[in-house]
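Engineer: Everything in the sequence shown is counted per our numbering, starting at 371 for the first residue and increasing by one.
Every residue, glycine too, gets a C-beta built ideally from N, C-alpha and C.
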Amino acid sequence: MSRNMQEDTHRSPSYTVTCEDYVHVVEFSPFSSGTPLSLLAYGGNQFVVVASCIFQVRNAASVQCRQEFDRLEYVVFYLLLYIKMCLLSSQEEDKEIKGVDFNILQAFHHEVRVDALAWSPESRLDRVPNIRLCSAAADRKLRLLTSDLQERHEVKVMEGHTSYINHLVFEPTEGKQIASVSDDHTCRVWDLDGNENCIFRLRSPGISVCWHPEEVFKLLVAEKKGTIRFYDLVTQQAILSLDCGQSPLMWADWCLHNTIKVGAVAGNDWLIWDITRSSYPQEKRPAHIDTARFFKWSRANENIFATTGCPGKISSQLLIHHLGHPQPVTIGSTAVGSGLSWHRTLPLCVMGGDRKLVFWLTEM
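Dropping the structure here:
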């Protein structure tokens with residue numbers, strides 16, 4: 371990459387939000403909150419924080435306002451939101467940070483370090499507020515966190531994994547089941563009472579799991595050895611596999627807007643498959659000097675994805691790629707960054723870091 375291109379694409383964060391402690395994981399909700407606000411959760415050593423946020427983005431009003439609220443509805447919505455904020459606990463705080471309205475809604479005490487978070491589609495801010503998400507922790511347990519943002523706050527502990535839990539996800543239409551993958555070589559599907567509905571035995575540690583809203587009877591499970599398998603939840607059998615041809619496979623993601631596209635990072639490279647063509651990737655390019663860590667498809671554009679390098683001693687690199695461009699379209703870095711998540715409707719991604727959240731906006 372030429373020096374001029376590096377200068378053109380290297381960006382400072384578009385927005386920064388200060389946090390009270392180191393952020394290990396951060397997740398935008400991939401589901402509508404029923405309002406113009408987006409839901410976001412982040413976790414650290416002994417806490418999970420739930421927040422709402424809205425971004426003032428140039429030339430993106432039509433994207434941000436897909437809910438098509440008219441002017442009167444906005445007035446009513448913000449009046450109700452103001453009343454609700456007044457009723458919440460004294461721990462809440464409002465922040466207006468460089469084009470971000472960021473409001474902490476709820477903080478959950480978490481007994482141990484949070485390693486992964488997943489949002490339920492049941493989380494809403496309209497009508498009667500309801501927040502539900504699930505965490506994976508260093509003690510090998512899942513915790514189902516539920517709140518009405520007023521007086522009812524529940525934590526249900528779910529046990530079964532015998533080693534480190536790497537990722538988890540809710541069933542995306544009704545949110546009545548959770549899938550998780552672990553270093554114990556299993557993918558487990560749970561109901562909300564903590565019962566294991568099924569267990570898939572893997573051949574190496576499970577790294578990531580995807581549950582697509584258009585393919586709700588299938589799971590994508592990525593294994594560290596370099597294999598990605600699709601499982602049929604009805605027959606509980608593997609029905610398709612993809613091969614990275616290298617290891618370690620660190621992450622895989624299923625494209626939201628195109629179900630035949632799967633992306634991953636393995637070793638230093640990013641890889642992309644058209645699953646109708648071959649079990650081997652159609653595209654493969656080097657991404658990071660050190661081992662790549664995350665691959666996440668944008669939820670706003672099927673041709674945009676982001677990768678991160680493994681956290682270094684000083685900083686972690688973020689690359690935003692567009693399939694129509696030979697080089698990354700955005701390069702960012704943050705001190706000891708962790709986690710990666712895309713906004714539901716904007717080409718905006720977030721990483722956690724040392725007492726902050728950092729957001730990058732890219733062009734569509």
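1) Mapping the DSSP letters down to three states, classify residue 645 as helix, strand or coil.
2) Identify which residue in 510, 521 and 634 has its Cα closest to the Cα of residue 476.
3) I'd like the list of long-range same chain contacts for residue 547, defined as Cβ closer than 8 Å, with 5 residues on each side in sequence excluded.
4) Could you give the distance in angstroms between the alpha-carbon of residue 593 and the alpha-carbon of residue 612?
5) Ordered along the chain, which non-local residues of its own chain (more than five positions away) have a Cβ less than 7 Å from that of residue 533?
6) Please report the straight-line C-alpha distance between residue 392 and residue 722, rounded to a whole angstrom.
7) In this structure, what does DSSP give as the bridge partners for residue 486?
8) When you compare only the Cα positions, how much space is there between residue 590 and residue 572?
9) When burial is assigned at 16 or more other CB atoms within 10 Å of the CB, is residue 659 buried or exposed?
10) For residue 508, which residues of its own chain have a beta-carbon under 7 Å away from its beta-carbon, when the five flanking residues on both sides are left out?
11) Roughly how many angstroms separate the alpha carbons of residue 698 and residue 619, rounded to a whole number?
12) How is residue 531 classed by DSSP in three states: helix, strand or coil?
13) For the beta strand (DSSP E) holding residue 726, just list the boundary residues, first then last.
14) Using beta-carbon positions only, say whether residue 502 and residue 404 come within less than 7 Å of one another.
15) Identify whether residue 630 lies in helix, strand or coil by the three-state DSSP scheme.
16) By how many angstroms is the C-alpha of residue 478 removed from the C-alpha of residue 664?
17) Quick check on the burial criterion: 16 or more other C-beta atoms within 10 angstroms. Buried or exposed for residue 497?
18) Using only the alpha-carbon positions, how far apart do residue 412 and residue 518 sit?
19) Measure the CB-CB distance between residue 622 and residue 634 and report whether it falls below 7 Å.
20) What's the gap between the Cα of residue 550 and the Cα of residue 680?
21) In chain order, what residues of the same chain lie with their CB nearer than 6 Å to the CB of residue 384, ignoring the 5 residues before and after it?
22) Just the Cα atoms here: how many angstroms apart are residue 727 and residue 587?
23) State the Cα-Cα distance for the pair residue 627 and residue 669, rounded to the nearest angstrom.
24) Quick one: complete beta strand (DSSP E) runs, 3+ long, within the stretch 546-601?
25) The beta strand (DSSP E) with residue 605 in it runs from where to where?
26) Could you tell me which residues DSSP puts in a beta bridge with residue 698?
27) Just to confirm the assignment, what range does the beta strand (DSSP E) spanning residue 678 have?
Structural biologist: For this structure:
1) On the sequence shown, residue 645 is found 275 positions in, with the first residue counted as 1. Residue state, collapsed to three classes: coil.
2) Taking the first residue of the sequence shown as 1, we reach residue 476 at position 106. When each option's Cα is compared against that of residue 476, the closest is 521.
3) Here residue 547 corresponds to residue number 177 of the sequence shown, with the count starting at 1. These residues qualify, in order along the chain: 540, 541, 559, 560, 561, 562 and 567.
4) Position 223 of the sequence shown, counting from 1, holds the residue named residue 593. Position 242 of the sequence shown, counting from 1, holds the residue named residue 612. Using only the alpha carbons, I get a separation of about 10 Å.
5) One-based indexing of the sequence shown puts residue 533 at position 163. Closer than 7 Å at Cβ, skipping near neighbours: 510, 552, 553 and 554.
6) The residue you call residue 392 lines up with position 22 of the sequence shown. The residue you call residue 722 lines up with position 352 of the sequence shown. Cα-Cα distance, rounded: 8 Å.
7) Indexing the sequence shown from 1 puts residue 486 at position 116. Its beta-bridge partners are 506.
8) Here residue 590 refers to the residue found at position 220 of the sequence shown. Here residue 572 refers to the residue found at position 202 of the sequence shown. Taking the straight line joining both Cα atoms gives about 12 Å.
9) Working through the sequence shown from its first residue, we reach residue 659 at position 289. By the beta-carbon neighbour count (other beta carbons within 10 angstroms, threshold 16), residue 659 is exposed.
10) Counting from 1 along the sequence shown, the entry for residue 508 is found at position 138. Counting only Cβ-Cβ distances below 7 Å, and skipping sequence neighbours, we find 482, 483 and 485.
11) In the sequence shown, counting from the first residue as 1, residue 698 sits at position 328. In the sequence shown, counting from the first residue as 1, residue 619 sits at position 249. Computed Cα separation, rounded: 21 Å.
12) Working through the sequence shown from its first residue, we reach residue 531 at position 161. Three-state DSSP puts residue 531 in coil, outside helix and strand.
13) Your numbering for residue 726 matches position 356 in the sequence shown. Taken as a continuous stretch (DSSP letters only), the beta strand (DSSP E) holding residue 726 covers 726-731.
14) For this step, residue 502 is matched to residue 132 along the sequence shown. For this step, residue 404 is matched to residue 34 along the sequence shown. Cβ distance not < 7 Å, so residue 502 and residue 404 don't count as in contact.
15) In the sequence shown, the residue the question calls residue 630 occupies position 260. Residue 630 falls in the coil class under three-state DSSP.
16) Stepping through the sequence shown from its first residue, residue 664 is reached at position 294. Stepping through the sequence shown from its first residue, residue 478 is reached at position 108. Approximately 26 Å, taken between the alpha carbons.
17) The sequence position of residue 497 within the sequence shown is 127, counting from 1. With fewer than 16 Cβ atoms within 10 Å of its Cβ, residue 497 is classed as exposed.
18) Residue 412 sits at position 42 when you count from the first residue of the sequence shown. Residue 518 sits at position 148 when you count from the first residue of the sequence shown. Looking at the two C-alpha atoms, the distance is approximately 18 Å.
19) Within the sequence shown, the letter at position 252 stands for residue 622. Within the sequence shown, the letter at position 264 stands for residue 634. The answer is yes: Cβ separation under 7 Å.
20) Walking along the sequence shown from the start, residue 550 turns up at place 180. Walking along the sequence shown from the start, residue 680 turns up at place 310. Taking the straight line joining both Cα atoms gives about 22 Å.
21) Here the question's residue 384 lines up with position 14 in the sequence shown. Taken in chain order, the residues that qualify are 729, 730 and 731.
22) As a working mapping, residue 727 is identified with position 357 in the sequence shown. As a working mapping, residue 587 is identified with position 217 in the sequence shown. Approximately 34 Å, taken between the alpha carbons.
23) The residue you call residue 627 lines up with position 257 of the sequence shown. The residue you call residue 669 lines up with position 299 of the sequence shown. The alpha-carbon atoms of residue 627 and residue 669 are separated by roughly 7 Å.
24) 547-552, 556-561, 566-571, 576-580 and 588-593
25) Locating residue 605 in the sequence shown gives position 235, where the first residue counts as 1. Run containing residue 605: none; DSSP gives neither H nor E here.
26) Taking the first residue of the sequence shown as position 1, residue 698 is located at position 328. Answer is none; residue 698 lacks a bridge partner.
27) Position 308 of the sequence shown holds residue 678. Residues 674-679.
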